[in-house]
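J.: Protein chains in written order, with the numbering used here: chain H, 3 to 507; chain D, 5 to 103; chain C, 134 to 608; chain Z, 479 to 569; chain X, 33 to 333. Using N, Cα and C, we set each Cβ at its ideal position, and we do this for glycine too. If you're wondering where the values come from, they're calculated on a predicted model, not measured in any experiment. Dropping the structure in here first, questions after.
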Amino acid sequence: MMTDIQTILPVAIVLSSLIPGLLIFSLKESQHRLRITLNLAGVFSKLLLVGWMLHGVSQGQQFSFNITFLPGADLILQGDALSLQFVALSSVLWLATTIYAIGYLEGSAFRSRFFGYFSLCVSATVGLALAGNLVTFLVFYELLTLATFPLVVHRGTDAAIRAGKVYLAYTVSGGVLVLMGVALLHALAGTPDFIPGGYLSPLVDQHQAGLTLAFVLMVLGLGVKAALLPVHGWLPQAMVAPAPVSALLHAVAVVKAGAFGIIRLVYDVYGIETLSLLQLTEGLMILAAATIIYGSIRALQQTEIKKRLAYSTVSQVSYITLGVAMLGPIAAIGALVHLVHQGLMKITLFFCAGNFAETLNIHHIREMNGLGQRMPLTMAAFTIGALGMIGVPPIAGFISKWYLGLGALETGQSWILWVFVCSGLLNAAYFLPLLYRGWFAKPAVEWAAHPQAKRPASVWNETHWMLLWPTLFTALLAIVTGILAGSDFSPLAWAQLIVAREFAP
Amino acid sequence: MIEALSILLLWLGGAFFVIGTVGLLRFPDVYSRLHALTKADTLGLGLVILGLSLRADQLFTVLLMLFIWLLVMASSATACQLLARYQLQSDKDSSDGGK
Amino acid sequence: MNAALVSMVVPFFAAMLVLMWRPQQQSWLVIVASIVSLLAAMMALLSVIDSGPQSLNLGGWESPLAIRFQLMPVNALLIVTTAVIHLIVVCFAASSHHCQSIKQAFWPLALLLHGSLVALWLSMDLFNWYVTLELLGLAAVSLVTLAGHKALRAALDYLLLSLFASLTYLLGVVMLYGQYGTLDIALLATLTEADRVTQTALLLISAGLMLKAALWPLHLWLPAAHSSAPTPVSALLSALVVKAPLFILWLLWSRVAPSELAVPMGFWLALLGGGALMIGGWSACRTPHLKTLVAYSTVAQLGYGLLALGLLLHWQLNDLQAALWLFVVAHALAKTSMFLAAGEIQASTGKKRLNSLRGMTLTMPVALFAFAVAGGSLIGLPPSGGFIAKWLLIQPMLIEPAHWPWALLVIIATLLSAAYVFRVVSQGFRQSSVSATATEHGKSAQWLALLPAILVWLMALFSEPLLQLMDVFSA
Amino acid sequence: MTLSLQLFLASGGILWLTGLYGLWRNSDPIRRIISLNIMGSGVFLVMVTLARRETSTDPVLHALVVTGLVVAVSATAFALRLAVASQQEKR
Amino acid sequence: MAASELILDLILCLVLLSLAVAVVEVKRLYDSIILFIAFGLILSITWARLGAPDLALAEAAIGAGITGVLLMAAYANLAPKKHLQNSHRSWLAVGFSLAAMVWLVLSLIPLADSPESLVAVAEQAMADSGVTHPVTAVLLNFRAWDTLLELVVLLLALLGMQQLRLPSLKIAYPWPLLNAWGRYLAPLTIVIGGYLLWRGSSGPGGAFQSGALLAAGLIVLRLNHVIPGLSWQHAWLRCSVLCGAGFFLIIACLTAWLGQGWLDYPASYSASLIFIIEFLATISIAVTLAWLVTGQQEAAS
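As structure tokens, this is what we get:
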């Protein structure tokens, strides 16, 4: 009986969002309640299943499901520690984003289409996380591209279509590069399952050119989604999408899919040993460092809140890449835990930006003056997210940066510390003015006289509850994971478990 | 003897064909061309068939060839009439148009 | 073998029945005939899987004299594909409101086209192929003229080029017969030598076939003919008819041609395939009309077939034939879906241009979705049939660094196809100024358009048995 | 005999090419159809000549020519009708 | 003797080629059509010269006869319009053609010396074919499948023409001499057609030649208003168009189902089966060809 569960569980996790998604497509716009019910049923059943799997994996059980696909490359879904890190993050944030999106889109058109694709997106993300080999990863990676496109162009305006085209141009090109890389590796080595330490070391002598090309292709391809420097351009453009989509794209699905792919590639395909033989990580490290600085500087130049957050993402996601590229165990812990922490903080920030826009029609930084008086709770959440990004203890961001810094010292790359310091200062430079304006500056008009804003009945009612509560929830998570980082079930502890397995001799 | 006669007839028939063709090419209008052509058809073909009949070893073959000659004569007569009438009609039309 | 014959004969008989009795409800008869043909085709496929390739000498005469039929995995698969697509297309024609005007004449012609296709797939005889190619050409042109006066010019050009191609093909065939005294493919394969006559004959045959298959640079007639035809006809032509010459081309070069000729020719064919991919894709990205875009996409996608065929010959790699035929089948299904969806959209808006697609996600969501899903397979997104074919194609390209330039070609082609597919899809997401609501009528036609697109993605799940089938054959 | 066969073979090839040239040179559909017929005649001439190579003629080639002729006349008839129809639409 | 034969062949070839070039090159469409008909006649003489009487018959009836009528009919339909002059004479095209000619002729010439053919095999199989004329044996037995499909080609051409919905052939008013001649000619063609069909099993002739001849008879009758316009409304016409291919197909299925295999006639019946098939095919061919020439008569509306 147990073996059956172990095969079915990975599929069930993917299907728990896929099936509601497909059902939602067939609904009419007016079937409001049914749609919400389906969404929530999907969310909670997924959380339940993920919890089950987490428990199992921590007990050392193996979860694996496979069907035949290409010659020598089955479709494999498996739950290991690394994939669960990502799956758990996605599922929890899906819960928050779903509730947020229901509130955000209340009364607008095309909701069936929106939630349908939204669920497909989550399914693709989860599938990508659970993928047991490169070909399976590729399948879900491309599906993710397809599923997010309708969300980017959801509004149907000219600007949205243009952004959608830019998004596609980048991600499809990236997808093709990844495809080529995967196919090249398949041609050289077949497609075995991901295994800690990689499976390519026997080929280093014979196929150096092939392996190098494949790595470059795949890092470039994955780098598109992870918004690495030369190919990051889609991310700020994609900001025209509705707020829940921005939150989902930036915190969970797309950028993390890219980063996660790089993690898989480095640890479970090439392996640290092979990569250091091929000397490929130097370039990746420099690229990531450059992206961190460049993203921060560009963020500083933006005057729109969402654009600033977008460039901040460009910068922050590269911390993960940088941590991975250092090839040391402590840096790896930092990278893995940053995957989660950055997600929590950034989604909070985007929720807040959405709340500002939705409640008071505020899009620009200069309009934020005195916002704390009108929306104190949202502003507080925003503060938590921003401080976490800068790396102020005890918020989660501090933990990951701490480990990354230690990792840099451990691997002897002390120049990276300077990158972190520099970036931290820039972070402060682009977030603190927002906080200052929000809490201390005088509003341009009295909030009571603001054309958009009715005076809230109470503090808890500053905006729609479905917009407020998810924001507070994720902000709380960002603090809790920071404070309780030392406990057994924190993301940090889980990251240490993963690294212990990856770097096991 | 028969051989020689046959050859003579064949040459004669061929000559009529040639003359008819020359006429077709040289005569000025449709009517005189038709005149040349029909001579070639009927007489030329008749002579050729006569010449070939002398060489035939079966009566059936001779009858067959005669039959062919008759058919060709009938059809060329009809076709000739058709063409002449058509030409006459169009001549009339054009002279009417001229007035 | 008998099942395959049934699959071929049933459409012929049904066509004659429809012509003779002229029943009021023709569509049911046609649909039933298509179902029977499909069932028979499946049985034929099963029998090939069970007992391997089968050969039949028509009339019971010995081999060089008789026309020979052969049922192999490849053509069994093609017969099934033909039957599936015909079934879908006739159901579409029966249910779409926009096809009412063409119906009377459409049924018998479509049936005859079906029968002729199966006859072509089965045959292994050079001259018999000439007759079946003529059948296909005449049926196809007649079907194009169903669209009315606007299509006549395109139909005439199509017919003249098709006749010219047939005669070129025939001259080559005659030369081969003159040299080797047989028309049978298998016998020729044992006899051919790399001499001047053979070379000229093969070149003539190839030129004719490439013109008929609209392989670049002989493709110029295709966009006009395919885009001006009625919707179900466009689907049949693009999905099936252009594949028939490719089948002959493949048999000829991979079996009959001696390798001294095949290896250099393979290089040129592959190069032409690359040209088709580039030029076809580029034209599809530029054209302002929806159906023309889909037609140019056919030109481009046929380039993949030619590329696979060329590389198969150039590297003498029999593994690539799986790629070739999966491309053909995947493209057939995807293109059916695309043309049906595009035609249904065009008919309901009444406009040809691409920008009339605004707001289609609301008014005709299923049709647009079908277009997008089919487009996914054309681009080669996993896990679709198109992806598997592309995967098989690029494997041998990647394994040797010297072959990497070909892979670059495939990358560019993929990006071009993505560009033209999303050109259409993103228009559909654009907000429309008129507040349109979902139209209820025509729903069934839209779902029928979606069906082949779903099938092509399902192909991915059955790729293992499909590839085994191909392996049986190459072994 | 061989010489005369070669002569006919060459003529067949040249006829085929003449038709091809006519197809290229003329834009009027009817003339193009005629050119196609000349091409076809060229091919048939090659076929009939090839049938003549041995002492007894090759019936297979003759039968193929008969088939080819019927196909050609069907296609010509349809093409001419189509040409007329398309020209009438233009007016 | 050989020299004079060669001279004859040379003249034939030169006439053929110069006619062909003239057809392509002359200015007026009408001249081109006339020259093409002449070309067809010379071609049929060439067939006779090359020992192919079947083909000479078929060419004279189908190639020159029916095609000529078709061309004239098309010309008549387009007559009011200025015909397009042959437009672009480019020296590039001429040069290319000449180069291609050298290449093609050089590839064709060697074929004269490689007598690979199916003659021996066909002769061996003649005994079991049920007929004594080899061409008929090939057409209706050895390669019967080609012939069946070819009947379908005819059918398709007819269907294609039908749904173009063109007005049928314009027919001049009847004129006594022509009328009378037509009335004599028509029965004659039927007799000769029947003779050709019957003769097909043992000598030159057969379904196609006979069908073409009968078609010519039908056309003459139609032109003389003896028979009404052909219309798809009439069941017997549909039947006669379909009977050739239909019966052939039924036989094919029956032989596959009950007999030894697809189109494998039982030895004792093969002669009569072939005759019935030829008979029905002749009817189909005749009606279809006549129909193709005279055009579809629209139902009176």
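From which residue to which residue does the alpha helix (DSSP H) around C/Asn261 run?
T.: Leu259 to Thr278 is the span of the alpha helix (DSSP H), which, as asked, contains C/Asn261.
J.: In angstroms, rounded to a whole number, what distance separates the CA positions of H/Leu499 and H/Trp420?
T.: Near 29 Å, if we compare the C-alpha coordinates of H/Trp420 and H/Leu499.
J.: Taking C-beta to C-beta, are H/Phe353 and H/Leu437 nearer than 9 Å?
T.: Not a contact, by the Cβ cut-off of 9 Å.
J.: Can you give me the C-alpha to C-alpha distance between C/Leu320 and C/Ser196, rounded to a whole angstrom?
T.: Taking the straight line joining both Cα atoms gives about 8 Å.
J.: Between the region 166-184 of chain X and the region 335-349 of chain C, do at least 3 Cβ pairs fall closer than 8 Å?
T.: The answer is no - the region 335-349 of chain C does not touch the region 166-184 of chain X, with fewer than three Cβ pairs under 8 Å.
J.: Between the region 436-454 of chain C and the region 396-415 of chain C, do at least 3 Cβ pairs fall closer than 8 Å?
T.: Result yes; three or more Cβ-Cβ pairs closer than 8 Å.
J.: Closest to H/Phe27 by C-alpha separation, out of H/Leu146, H/Leu213, H/Leu280 and H/Phe120, would be which residue?
T.: For the residues H/Leu146, H/Leu213, H/Leu280 and H/Phe120, the minimum Cα distance to H/Phe27 belongs to H/Phe120.
J.: Quick check on the DSSP output: the alpha helix (DSSP H) that includes X/Ala152 runs from which residue to which?
T.: Note, X/Ala152: alpha helix (DSSP H), Val151 to Ala157.
J.: Checking the sheet assignment: what are the DSSP bridge partners for H/Gly81?
T.: For H/Gly81, which the question treats as bridged, DSSP gives the partners H/Phe65.
J.: Quick check on this structure: which residue in H/Trp467, H/Trp417, H/Leu486 and H/Thr276 has the alpha carbon closest to the alpha carbon of H/Gly399?
T.: With distances taken between Cα atoms, H/Gly399 lies closest to H/Leu486.
J.: Out of X/Tyr297, X/Leu186, X/Met193 and X/Ala267, state which residue places its alpha-carbon closest to the alpha-carbon of C/Leu289.
T.: Considering only alpha carbons, the answer is X/Met193.
J.: Under 7 Å between beta-carbons, which chain Z residues line up against C/Arg129? List them in chain order, please.
T.: The question about residue 129 of chain C has no answer, for chain C in this structure spans 134 to 608.
J.: What's the C-alpha gap between X/Ser122 and Z/Arg503?
T.: So the alpha carbons of these two residues sit roughly 8 Å apart.
J.: In chain order, what residues of the same chain lie with their CB nearer than 6 Å to the CB of H/Val16, ignoring the 5 residues before and after it?
T.: Counting only Cβ-Cβ distances below 6 Å, and skipping sequence neighbours, we find Ser125, Val128 and Gly129.
J.: So with CB distances below 9 Å, who are the chain C contacts of X/Leu181?
T.: Per Cβ cutoff of 9 Å: Ser249, Ala252, Asn261, Val264, Thr265, Glu267 and Leu268.
J.: Here's the rule: buried if 16 or more other CB atoms are within 10 angstroms of the residue's CB, otherwise exposed. What is H/Gln87?
T.: Classification for H/Gln87: buried.
J.: I'd like to know whether the C-beta atoms of C/Ser339 and C/Gly305 end up nearer to each other than 9 Å.
T.: Yes; because the gap between Cβ atoms is below 9 Å, this pair is in contact.
J.: Return the residue from the list H/Leu77, H/Phe117, H/Gly74 and H/Ser47 that minimises the CA-CA distance to H/Arg35.
T.: The option with the nearest alpha carbon to H/Arg35 is H/Phe117.
J.: Cβ atoms of C/Gly314 and X/Ser149: under 9 Å apart, would you say?
T.: In contact: X/Ser149 and C/Gly314 (Cβ atoms closer than 9 Å).
J.: DSSP puts H/His366 in a beta bridge; with which residues?
T.: Partner(s): H/Glu306.
J.: Under 6 Å Cβ to Cβ from C/Leu599, same chain only, skipping five residues before and after it: list those, please.
T.: Cβ neighbours of C/Leu599 beyond the five flanking positions: none.
J.: I'd like the list of long-range same chain contacts for X/Leu157, defined as Cβ closer than 7 Å, with 5 residues on each side in sequence excluded.
T.: Reading the sequence as shown, one finds Ala at residue 157 of chain X and not Leu. Correct list, in chain order: Phe174.
J.: Should Z/Leu523 be labelled buried (16 or more other beta-carbon atoms within 10 Å of its own) or exposed?
T.: When all chains shown are included, Z/Leu523 counts as buried.
J.: Are the beta-carbon atoms of Z/Met525 and Z/Leu514 separated by less than 9 Å?
T.: Not closer than 9 Å, so no.
J.: Among the residues of its own chain, which have a CB less than 8 Å from the CB of D/Gly102, if the five just before and after it don't count?
T.: Reliability of the predicted coordinates at D/Gly102 is poor, the pLDDT of 46 falling under 50, and no value is obtained from them.
J.: Of all Cβ atoms in chain X, is any one closer than 9 Å to the Cβ of C/Phe460?
T.: Output row for C/Phe460: interface = no.
J.: Verify the CB distance criterion: does X/Met33 have a CB-CB separation below 9 Å to chain Z?
T.: For X/Met33, the pLDDT reaches just 49, beneath the cut-off of 50, and the residue's location in the model is therefore unreliable, leaving the point undetermined.
J.: Closest to C/Trp386 by C-alpha separation, out of C/Ala147, C/Gln449 and C/Ala372, would be which residue?
T.: Ranking the options by Cα distance to C/Trp386, first place goes to C/Gln449.
J.: Which whole-angstrom value describes the C-beta separation of Z/Ala553 and C/Leu271, a residue pair presumed to lie in contact below a C-beta threshold of 8 Å?
T.: So it is a contact: roughly 7 Å between Cβ atoms.
J.: What residue range does the alpha helix (DSSP H) around C/Leu442 cover?
T.: Leu423 to His447 is the span of the alpha helix (DSSP H), which, as asked, contains C/Leu442.
J.: Does the beta-carbon of C/Trp590 have 16 or more other beta-carbons within 10 angstroms, so that it is buried, or is it exposed?
T.: Flag for C/Trp590 reads buried.
J.: Does any residue of chain X have a CB that is nearer than 9 Å to the CB of D/Arg89?
T.: Answer yes: the Cβ-Cβ gap between D/Arg89 and chain X drops below 9 Å somewhere.
J.: May I ask you to list, following chain order, the residues of the region 379-406 of chain C that have a beta carbon less than 9 Å from some beta carbon of chain X?
T.: Going along the region 379-406 of chain C in chain order, one finds no residue with a Cβ nearer than 9 Å to chain X.
J.: Taking only three categories from DSSP, how would you classify H/Arg115?
T.: Reduced to three states, the DSSP call for H/Arg115 is helix.
J.: Which residue's Cα is closest to the Cα of C/Gln579: C/Pro498, C/Ala546 and C/Phe555?
T.: Ranking the options by Cα distance to C/Gln579, first place goes to C/Pro498.
J.: Would you kindly report the start and end of the unbroken beta strand (DSSP E) that includes X/Gln265?
T.: Neither: X/Gln265 is in no beta strand (DSSP E) and is coded neither H nor E.
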